[in-house]
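Below is one structure; the comments refer to it alone.
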Amino acid sequence: MNKSIIIIVIILILLFYFNESEESKNELPFEFEEKTLKNGLRIIISKNSEQPSISSKIVFLTGSKNDPAHQTGLAHYLEHLLFKGSSNIGTTNFIEEKKILDQITELYEVRRKTVDKTKRKELYSKIDELSKEAAKYAISNEFTTILENIGGSDINAATSNEYTVYKSTIPSNQLEKWLKLEYDRFTNPIFRLFHTELEVVYEEKNMTLGDDNRQVYEIIFKNLFQDHPLGFNTTIGTSEHLKNPSIREIYKYFNTYYVPNNMVIILSGDIDYDHTFKLIENIFSKMKYSPLPEYNPPKLKDIDNPITSTILGPSRELVYLGYRQNGTKDEDISKFLMVDMLLNNSKVGLIDTNLNQSQKVQNAGCFPLLMHEYSVHFFYGYPLSDQNLEQVQNLILEQIEKLSNGDFDEDIMKWIIQDFKISQIKKYQSNTGRINDIEESVVYQKNLIDYFNIIENLTKLKKEDIVQFVNTNYNTNYTAVYKRTGEREIVQVEKPPISKIETSKEVSDYGSQLLNIKTNNINPSFIDVSNELIYDNLKTTKLVAKINNINDLFYLSFRFNRGSFNKKYLPLACNYFDYIGTSKLPLKEKEKNLYSLGCELSINCNDKDMSITIRGIKNNFNKSCKLVIDLILNAKGDNDTFNKYKEKLLNNFKNSKLNKRSIIKKLVSYSKYGPRNPETDKTSPRDIETLDSELLTNIIKNLFTYQHEILYYGANNICEVKNLCNQLINYEELLKPEKSIIYEELDMTNNKIYICDYDIQQAEIISLTKGNKANVNDYSKINIFNDYFGLGFNSIIFQEIRVTKALAYSTYSYITTPTHLNESHYNISYIGTQIDKITDALAILDELQSNLIINNNVLQNVLENLDKVIRSKRTLREEFLVEYLIQKRLKLDKSQDEITFDQIKSYKMDDIKEIYNKFIKNKKKTTCILGDIEKISLSDLNVFGEVTNLSLEEIFGY
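For the sequence shown, the UniProt record's numbering begins at 1 and goes up steadily by one.
What follows is the structure in structure tokens.
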């Protein structure tokens, strides 16, 4: 099921190519209408009135493959710059600002043509000086400030090979303001604050240079698409091109491709079709049609023999294969998708059954990347400790060969179709699911009828169609990239000298006019879990339910207050369950039975709780529940399976020390608790040697003997749910969970710096200060403070570290609101920066944590945003049950949103100061740094605290 949720993004979508000014209604899984303006702008709208909000995407059919060969990365950099405002927004005096910006533009042109290093430095110094002057007229991030002020959320953008997309979600009553804001963005952009944003892109580039998976991906494209823009145009661009930017070239690109006939506005939400079309037409019809340049890429040569490459890096070893395929314009898209799922659907695919479940590799899988011009089928494999990458590759190729020989069960094809249909229902409940699929249809440029018929086409496929397709398309037309563990030389984009810029804190006249457009408030709606849920008892436990009146999907979850702190080997047992069946139902049959029913089973175990969750369709509710509970109560392992499982665990322990996310998690735990902590106490290689199959199997079989409660969302009668649970599980007497281990958090009495060595170009910095034990009365104030101080585009941290000083691509800070009341609050701050910027980054963070920056405009904007976002939110479907769990755990009698909403009107800067002084100001802190220790100046760090170099053995505990 998980795999199909990803694939369904690719299919079952909407439309393409309608006549100019033609409106249409189509019988699709959800309602929509489309209109194309005379200037070529397409508008696609889906009405969904579940909540008073609108999700949006604005798509331009241009991406990195359209970058000029001499200026790669241009499309991506333009995406960044289109958040910088216009001649109306983001400036206090555009006439004066423009005089300086024009000089900067000319200096960049001179510099990019200059070879002499000394002269280039002199030119950059002038650019830096002028940028500092121009910044005095700039209103930093005013575009996002306005968007947030009208209740905008989920604000982001992305550049891909063939398209660029800008997205956000707004309250439904703010549509006119949003349209005017976006029109201004895309008709009159000004690329101000250019050199600081360029440095941010440098940071992003250095981050990708140190990302092994990103490098593998780029090599695959280079090998598959030699002498083609898809191969040599990387999204971020080459280091050389980034060092020689041209503002003129970026404007030229913008004027060429950001035209209405290359643009699609996609909306889904609480919308009136006629009113919305008229609004968009009135505003956007002023954009002028402009013919697009012809796209004439070179014809690709056939790949007669596999192309192999090797790359070194610090992360664990893996092999990636990439098969070049035809693009979405090809009629065989349904066959391509069926092949992918027959190989890997997370349950009964050939890779699932023959490699993952039989534990012949550490992990393997495949996924399609669909593009209009060409597509790629990716395969990946991680080796066991005694395997090499070539052996893993051969095992993957064997599964493809089985498919080409017809060595698979044809029944799986109909189960895959059922899987897609279930995923479709889930997706189209939400605005996000709808606009994602509309976006995909636009990008793939697939005729509506053909595209919508993909599931119908899947139902027509026979085994012989798949066999023929695989034999035609999966031969030697692939590349293999071996990612081996080792050091590789990386040429980093060097840090240029950048003066701190001071921007204006005013509001532009246009921004004020836009925000002064009157709208009627949306009334908030908060749930009362005591009245809106159904409560019932089953002898020794409780059933909490919400009826699903929308569709035939169900969700049944058993929730336990029992986790690894209670039973150390509980997570291992839950994971072991994935590799075993019962005495009557071997693993392969177990997975077939689950998949054929459309039943998704997940068992999740955390430190303090665990859950067993069943998802499926109403008609198979009884069968699904009976099957799952039987699989648990009658689980049966064996020594052979366990020994393979043990080897995989030992290999995981080794690989964890190569994974920077794992290392950072361990490092933070060490900082909070000391040498003995929840991470070091987890199962170690020493523990594995003492385990056996029987011990883990008994843990699984006894899961339901412990206290738990039942959560249900579905269309089935509650009595039916209750009776079935009583029938399947013995509720006469349930055991209390074992006594939980309690870890004492360390007091932070002096400043400390823990460094762990890892071969990356960008350092990862996490700073922690400790507060008091959890106090739910502070949660709303903390949430508002977090938005003001450290989260989002306009927060103090983001503005001071990224925008004005360009010290990081990613940075944030927040005070935690613990999910368990016996935990403490922490202020956690993160900076990802080049190693040569570590001391600068720590210095500014230290300053920000010592002296609060007061900005009433930022606070007012945060309060306006929260007010409008909360007003436009609604609790839907399973969210009722999630809200019940939160209120129960935190001992609340109403939702956190309702509490926050009540506090917004009275929240003042004094509340910001109170939270800052309580949790951050001048508190002792522990700072964790992950980076290449040979390149870090340890002596420079002493000013920030006592420096300790921790080994992997110390933080992992083995």
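Where a beta carbon is used, it is the ideal one built from N, C-alpha and C, also for glycine.
Asked                                                                                                                                                               : Found
From Asn26 to Pro685, what does the alpha carbon distance come to, in whole angstroms?                                                                              : Bear in mind that a pLDDT of 44 at Asn26, under 50, signals an unreliable position, so the number given afterwards is only what the model happens to contain. Taking the straight line from one Cα to the other gives about 58 Å.
Among Asn861, Arg316, Thr208, which has the Cα closest to the Cα of Ser239?                                                                                         : Thr208
How big is the Cα-Cα spacing for Leu181 and Leu147?                                                                                                                 : 8 Å
Smallest Cα separation from Thr705: which of Lys463, Ile729, Asp536, Ser168?                                                                                        : Ile729
Applying the criterion that 16 or more other CB atoms from any shown protein chain within 10 Å of the CB defines a buried residue, is Cys725 buried or exposed?     : buried
Considering just the uninterrupted stretch of the alpha helix (DSSP H) at Ala135, what are its terminal residues?                                                   : Segment: none, Ala135 is in no alpha helix (DSSP H) and carries neither H nor E.
Inspect the CB distances between the segment 168-176 and the segment 45-58 and report whether three or more fall short of 8 Å.                                      : yes
For Ser951, which of helix, strand or coil comes out of DSSP?                                                                                                       : coil
In whole angstroms, give me the CA-to-CA distance for Leu667 and Asn475.                                                                                            : 46 Å
In angstroms with no decimal places, state the Cα-to-Cα distance between Ser346 and Gly598.                                                                         : 13 Å
Taking C-beta to C-beta, are Ala806 and Ile929 nearer than 7 Å?                                                                                                     : no
Just list the beta strand (DSSP E) runs in the segment 509-564, keeping only unbroken ones of 3 residues or longer that don't cross its boundaries, in chain order. : 534-538, 541-547, 553-560
Quick one: what's got a C-beta closer than 8 Å to Lys701's C-beta in the same chain, skipping five residues either side?                                            : Ile632, Leu633, Asn634, Ala635
Taking the continuous beta strand (DSSP E) assigned at Lys426, which residues delimit it?                                                                           : Where Lys426 is concerned, there is no enclosing beta strand (DSSP E), although the alpha helix (DSSP H) it sits in stretches over 411-427.
At 4 residues or longer, and completely inside the segment 868-907: list those alpha helix (DSSP H) runs for me, N to C.                                            : 879-890, 896-904
What ranges does the alpha helix (DSSP H) occupy inside the segment 635-689, keeping only unbroken runs of at least 4 residues that lie completely in it?           : 639-656, 660-673, 685-688
Would residue 962 pass as a contact of Ser662 if the rule is Cβ separation under 7 Å?                                                                               : This structure cannot speak to residue 962, because the chain is shown only from 1 to 958.
Using only CA atoms, which one of Ser829, Asn855, Asn857 lies nearest to Ile844?                                                                                    : Ser829
Please report the residue range of the alpha helix (DSSP H) in which Cys719 lies.                                                                                   : 718-728
In this structure, how does DSSP classify Met341 when only helix, strand and coil are distinguished?                                                                : helix
Starting from Asp437, trace the alpha helix (DSSP H) in both directions and tell me its first and last residue.                                                     : 431-444
Do Ala480 and Pro675 count as a contact pair if the criterion is CB distance below 7 Å?                                                                             : no
Sorted by chain position, which residues of the same chain lie with C-beta nearer than 8 Å to residue 960's C-beta, five sequence neighbours on each side aside?    : The displayed coordinates of the chain run from 1 to 958. Any statement about residue 960 would go beyond what the structure contains.
At the level of alpha carbons, what is the spacing between Glu800 and Gln226?                                                                                       : 42 Å
Leaving out five residues on either side along the sequence, give the residues of the same chain with a beta carbon under 8 Å from the beta carbon of Ile6.         : Reliability of the predicted coordinates at Ile6 is poor, the pLDDT of 44 falling under 50, and no value is obtained from them.
How many angstroms separate the CA atom of Leu403 from the CA atom of Leu350?                                                                                       : 8 Å
Below 7 Å between beta carbons: does that hold for Lys660 and Tyr758?                                                                                               : yes
Span of the beta strand (DSSP E) holding Leu28?                                                                                                                     : Neither: Leu28 is in no beta strand (DSSP E) and is coded neither H nor E.
Among Gly40, Phe798, Thr613, which residue has its Cα nearest to the Cα of Phe284?                                                                                  : Gly40
For the beta strand (DSSP E) containing Arg324, name the first residue and the last one.                                                                            : 318-326
Can you tell me the Cα-Cα spacing of His80 and Ser140, whole angstroms?                                                                                             : 13 Å
Ordered along the chain, which non-local residues of its own chain (more than five positions away) have a Cβ less than 6 Å from that of Lys644?                     : Gln359
With a 10 Å radius around its C-beta and 16 neighbouring C-beta atoms as the bar for buried, classify Gln849 as buried or exposed.                                  : buried
Just mark Lys177 as buried or exposed, buried being the case when its beta carbon has 16 or more other beta carbons within 10 Å.                                    : buried
Can you tell me the Cα-Cα spacing of Lys918 and Gly771, whole angstroms?                                                                                            : 7 Å
Fully enclosed by the UniProt domain "Peptidase M16 C-terminal" (750-846), which beta strand (DSSP E) runs are 3 residues long or longer?                           : 752-757, 762-773, 810-815, 824-834
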